[in-house]
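One structure is given below, encoded as structure tokens.
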Amino acid sequence: MAKSVLVIGGGPAGLGAAKALGSLGIPTVLVEKEDKLGGRPVIEDYHTLIPRKMKPDQVIGPFVSDVQNNPNVDVKLGTEVEAIEGEAPNFKVKLSNGDTVEASAIVVATGFQHFDPKRKGELGYGIYPDVITNLELEQMFSREGKLYRPSNGELPKRVAFVFCVGSRDRQLGVTNVHCCRYGCALSGLQGTEIREHYPEVDVFCYYMDVRTYGTWEYPFYWEPQEKHGVRYVRGRIAEITYSPSDGRLRVKHEDTIVQRPSEVPMDLVVLVLGMEPSEGTKKIAKMLGLAQDPDSLFLVPAEEAASNITSNKAGVFIAGACKGPIDIESSIAEGEAAGAEAAAFIGAKVTA
Amino acid sequence: MAIHERSLVEPERVLRKERLVIDGVDVSGDWNLVILPRVIEDYDLDFLDEVLKQPEGKTILQCYQCSYCTASCPVHNYWDERYNPRHFIYLARLGLIDELQKRADVIWRCVSCHKCTHRCPKGVLVEETLKAILKVMSKKGLIEEYPSKKFDTFFLEAVFEHGRIEDGELLFGWIEKQGYQVFKDPILKKPIPFLGGTPEWLKQLAVKPIKSMNIDFLILNAKHMLFHPKTKNWNKFKQVLRKVFDEEGVSLAH
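If you read the sequences in order, they're chains P and R. Residues 120 to 471, numbered by the numbering used here, are exactly what the first sequence covers, in order. Residues 91 to 344, numbered by the numbering used here, are exactly what the second sequence covers, in order.
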């Protein structure tokens, strides 16, 4: 039997790896626990992706069709990995559908999950219908194509973005002290989208710092302010309350520039969610004995490795958001790199 | 209720009433004292729109609060910490009117050195933006006309009449306007600052430079004082200027 590679996870990173391996002619098994390929962006209907403002179908669609149409890639949907035995290059992998796969190398692309904002009770998510997550705002755009207040269906006059919900927060334990990396930029983009379609809606971003790093600074921080009039207010929202007298929410915080407490009325509050390692990531880490960050439990590359896709275990490569917050195009690129590394590891000879 | 540390609460936030009824409950007596909270309860978002309508205010949205301007500002560095250009921009953008009003006595104190504008990494025309903020505050009746503007108007009036100023007339005219007595000759009504009831310090102010002037310059100044110099063809310019003033709603004494 020809040497094959197992890719765990059918999101951006997993698809990148499977596409690279498939096009090199290497037998590949892609295991995805959901019934659909594409990962969070596709399954959860993201609206517009940072940083290139493309739709999930435009970015991930070509990878999905490529992987599905490649005879070298065996896609197993609705399937999970149950047990992994052996060492590289002779892994024996037991799947939930009863199959056993023999793999010479493994690409782990098990991704992340969104922070559950109910854990921050003071922000009122799940209590007040007009407190929503940025994921729900994406779905409002992509599924319903309009902006409204869930409580009464009307257009909000004011929208507030609350940065760093479930990020940079020791109160939640050491698991959530990291920065989510995408939140500032996505809020800039969502604010821009709101202002473009509803110029009468005022948008406020409540920030501690704005971390639109690298080339994201202009499109996702300067442009929303300068061109679209998104307002940035410094201060972390400490509490969200509801005022029955006017039916509006109040965002409580200290404006740290003015150094005064503030309780300003808002109609719709969007919580910018942090990222955590998915259950799958934690499970696979345990199964394979992969090194994890002691705080966040995200996977970490081998200490001596120059490339961050090399895990501490021979023949296992890690790519995408299972290693920590990452944007989608970088995730795809890491997947492709991991696929190529896996091909090199099994000594596949590529012939023209 | 007694406030033991009353000095910590600004007097304007302490309300004392003879009779006080809250939610239908009479709480007069010991409970008749209320401290107003420091909380910001809302923004005045129209304020920013007004600033953006001013030609000088167009760059206000570019500010990202790095405070390069304030660090460079001589007024902030050597005079009063409450004069803070970066902070004024933040307050104006959110429309925190009461905070702007708290600084009404310092906000016009820009010395126009333009270091802020030259150094701003975001290309905010800081000095102009502050003028726009002042203009809107004044337009909305949030501040009294700022003192430096009174001199600006006086100066403009002098220029409007003749196309240029005459130093003596401007200086002594301004001082007279401030309520000091300046002696004038009875025929031409020109100020003779070292005579009559002119205060001593003003006499010194006038005599000192005259003493050190060379004779040609002295004659030139005297000539200017007697026959007010006028810019060539000024009347034509004046007509244009009048039209502009009328369009912009600028009113002068003339």
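By construction, the Cβ of each residue, glycine as well, lies at the ideal position given by its N, Cα and C atoms. Just so it is clear, the structure is predicted and the values come from calculations on it, not from any experiment.
What does a CB cutoff of less than 6 Å around Phe417/P pick up in its chain, not counting 5 residues either side in sequence? For the purposes of this step, residue 417/P is taken as the residue at position 298 of the first sequence. Around Phe417/P: Pro396, Lys442, Gly443.
What distance in whole Å lies between the Cβ atoms of Phe231/P and Glu312/P, which are believed to be in contact at a cut-off of 8 Å? Numbered from 1 along the first sequence, position 193 holds the residue referred to as residue 312/P. Numbered from 1 along the first sequence, position 112 holds the residue referred to as residue 231/P. Actually they do not touch by this definition, with Cβ atoms about 23 Å apart.
Kindly list, in the order they appear in chain R, the residues whose Cβ is closer than 8 Å to that of Ile376/P. In the first sequence, the residue the question calls residue 376/P occupies position 257. Scanning chain R for C-beta atoms nearer than 8 Å to the C-beta of Ile376/P yields Gln155, His177, Tyr180, reported in chain order.
Buried or exposed (CB count within 10 angstroms, at least 16 for buried), Gln290/P: For the purposes of this step, residue 290/P is identified with residue 171 of the first sequence, where counting begins at 1. Under the 10 Å beta carbon count, Gln290/P is surrounded by fewer than 16 other beta carbons and is classified as exposed.
Helix, strand or coil for Ser270/P? Go by DSSP, reduced to three states. As a position in the first sequence, residue 270/P is number 151, starting the count at 1. Here Ser270/P sits in coil by DSSP.
Got a sec, what are the start and stop residues for the alpha helix (DSSP H) Ala452/P sits in? Residue 452/P sits at position 333 when you count from the first residue of the first sequence. Unbroken alpha helix (DSSP H) run through Ala452/P: 447-464.
Minimum Cβ-Cβ distance from Val370/P to chain R less than 8 Å: Position 251 of the first sequence, counting from 1, holds the residue named residue 370/P. Val370/P has a beta carbon lying at 8 Å or more from every beta carbon in chain R.
Note down, in chain order, each residue of its chain lying with its Cβ closer than 8 Å to the Cβ of Gly287/R, except the 5 sequence neighbours on either side. Taking the second sequence and counting its residues from 1, the one referred to as residue 287/R is at position 197. Annotation for Gly287/R: Gln271, Phe273 place their beta carbon closer than 8 Å to its own, counting only its chain and skipping 5 residues before and after.
Against Pro380/P, what residues of chain R qualify as contacts under a CB-to-CB distance less than 8 Å, listed in chain order? Within the first sequence, the letter at position 261 stands for residue 380/P. Going along chain R in sequence order, the residues near Pro380/P (Cβ under 8 Å) are Pro127, Arg128, Val129, Ile130.
Between the segment 385-403 of chain P and chain R, which residues of the former have CB atoms less than 7 Å from a CB of the latter, in chain order? Answer in chain order: no residues at all.
Measuring CA to CA, which of Gln177/P, Met406/P, Cys324/P, Pro338/P is closest to Tyr351/P? Residue mapping note: residue 351/P aligns to position 232 of the first sequence, counting from 1. Answer by Cα proximity: Cys324/P.
From the beta carbon of Arg314/P, is the nearest beta carbon of chain R less than 8 Å away? Position 195 of the first sequence, counted from the start, is the residue given in the question as residue 314/P. Answer no: the Cβ-Cβ gap between Arg314/P and chain R never drops below 8 Å.
Which value, in whole angstroms, describes the spacing of the CA atoms of Ala312/R and Pro281/R? Along the second sequence, one-based indexing puts residue 312/R at 222. Along the second sequence, one-based indexing puts residue 281/R at 191. Cα-Cα distance, rounded: 11 Å.
Go ahead and pull the three-state DSSP assignment for Lys274/R. The residue given as residue 274/R occupies position 184 in the second sequence. Residue state for Lys274/R is assigned as strand, using DSSP reduced to three classes.
Which residue from Glu257/P, Leu409/P, Tyr247/P, Gly354/P puts its Cα closest to that of Asp164/P? Looking up residue 164/P in the first sequence gives position 45. The shortest C-alpha separation from Asp164/P is found at Glu257/P.
For Ser123/P, which residues from the same chain have a beta carbon less than 6 Å from its beta carbon, with the 5 sequence-adjacent residues on both sides left out? Numbered from 1 along the first sequence, position 4 holds the residue referred to as residue 123/P. Here the set comprises Pro146, Ala222.
Please classify His372/P: does DSSP put it in a helix, a strand, or coil? Walking along the first sequence from the start, residue 372/P turns up at place 253. Judged by DSSP in its simplified three-state form, His372/P adopts strand.
Report the three-state DSSP secondary structure of Arg96/R (helix, strand or coil). Here residue 96/R is taken as the residue at index 6 of the second sequence, counted from 1. Residue state, collapsed to three classes: helix.
Is it buried or exposed, Phe210/P, if we count other Cβ atoms within 10 angstroms and call 16 or more buried? In the first sequence, the residue the question calls residue 210/P occupies position 91. With 16 or more other Cβ atoms within 10 Å, it is buried.
DSSP on Met394/P, reduced to helix/strand/coil? As a position in the first sequence, residue 394/P is number 275, starting the count at 1. Of the three classes helix, strand and coil, the one that applies to Met394/P here is strand, per DSSP.
Cross-chain neighbours of Arg193/R in chain P, by beta carbon under 7 Å: Here residue 193/R is taken as the residue at index 103 of the second sequence, counted from 1. Within chain P, no residue has its beta carbon less than 7 Å from that of Arg193/R; the closest one is some 12 Å off.
Could you give the first and the last residue of the continuous beta strand (DSSP E) run that contains Leu105/R? Here residue 105/R refers to the residue found at position 15 of the second sequence. Membership of Leu105/R in the beta strand (DSSP E) is indicated by the continuous run 104-106.
N- and C-terminal bounds of the alpha helix (DSSP H) containing Ser302/R: Along the second sequence, one-based indexing puts residue 302/R at 212. Segment 290-302, the alpha helix (DSSP H) holding Ser302/R.
Closest Cβ-Cβ distance between Tyr133/R and chain P: below 8 Å? Position 43 of the second sequence holds residue 133/R. For Tyr133/R, the closest Cβ of chain P is nearer than 8 Å.
DSSP beta-bridge partners for Ala137/P? As a first step, residue 137/P is located in the first sequence; it is residue number 18 there, counting from the start. Within the DSSP bridge table, the entry for Ala137/P names no partner.
How far does the beta strand (DSSP E) with Thr147/P in it reach, from first residue to last? Residue 147/P sits at position 28 when you count from the first residue of the first sequence. Judged by DSSP secondary structure, Thr147/P falls within the beta strand (DSSP E) whose first and last residues are 147-150.
Measuring alpha carbon to alpha carbon, tell me which of Leu134/P, Gly141/P, Pro170/P, Val148/P ends up nearest Arg159/P. Residue 159/P sits at position 40 when you count from the first residue of the first sequence. Checked all of Leu134/P, Gly141/P, Pro170/P, Val148/P; the closest Cα to Arg159/P is Leu134/P.
Please classify Pro175/P as buried or exposed, where buried requires at least 16 neighbouring CB atoms within 10 angstroms. Working through the first sequence from its first residue, we reach residue 175/P at position 56. By the beta-carbon neighbour count (other beta carbons within 10 angstroms, threshold 16), Pro175/P is buried.
I want to verify the contact list: residues of chain C whose CB lies under 7 Å from the CB of Glu189/R, in sequence order. Of the protein chains in the structure, P and R, none is chain C.
If we count the other Cβ atoms within 10 Å of its Cβ and call it buried at 16 or more, is His166/R buried or exposed? For the purposes of this step, residue 166/R is identified with residue 76 of the second sequence, where counting begins at 1. Classification for His166/R: buried.
Using only CA atoms, which one of Leu126/R, Leu215/R, Ser97/R, Val226/R lies nearest to Ala137/R? Along the second sequence, read from residue 1 onward, the residue named residue 137/R stands at position 47. Looking at the sequence itself, residue 137/R is Phe, so the reference to Ala does not match. The shortest C-alpha separation from Phe137/R is found at Val226/R.
Where Asp386/P falls, given that 16 or more other Cβ within 10 Å makes a residue buried: Here residue 386/P is taken as the residue at index 267 of the first sequence, counted from 1. Classified as buried, Asp386/P has 16 or more neighbouring CB atoms from the shown chains inside 10 Å of its CB.
Go to Leu195/P, then tell me how far its beta strand (DSSP E) extends in each direction, as first and last residue. In the first sequence, counting from the first residue as 1, residue 195/P sits at position 76. It is worth fixing the name first, because residue 195/P is Lys in this sequence and not Leu. From DSSP, the beta strand (DSSP E) with Lys195/P extends over 192-195.
Closer than 8 Å, CB to CB, is Val284/P near chain R or not? Against the first sequence, residue 284/P aligns to sequence position 165. With 8 Å as the cut-off, Val284/P does not count as an interface residue toward chain R.
Pick helix, strand or coil for Asp336/R, following the three-state DSSP scheme. Reading the second sequence from its first residue, position 246 is the one you call residue 336/R. It is helical.
Residues in the same chain with beta-carbon distance under 6 Å from Val293/P, minus the five sequence neighbours each way, listed in chain order, please. Here the question's residue 293/P lines up with position 174 in the first sequence. Taken in chain order, the residues that qualify are Asp414.
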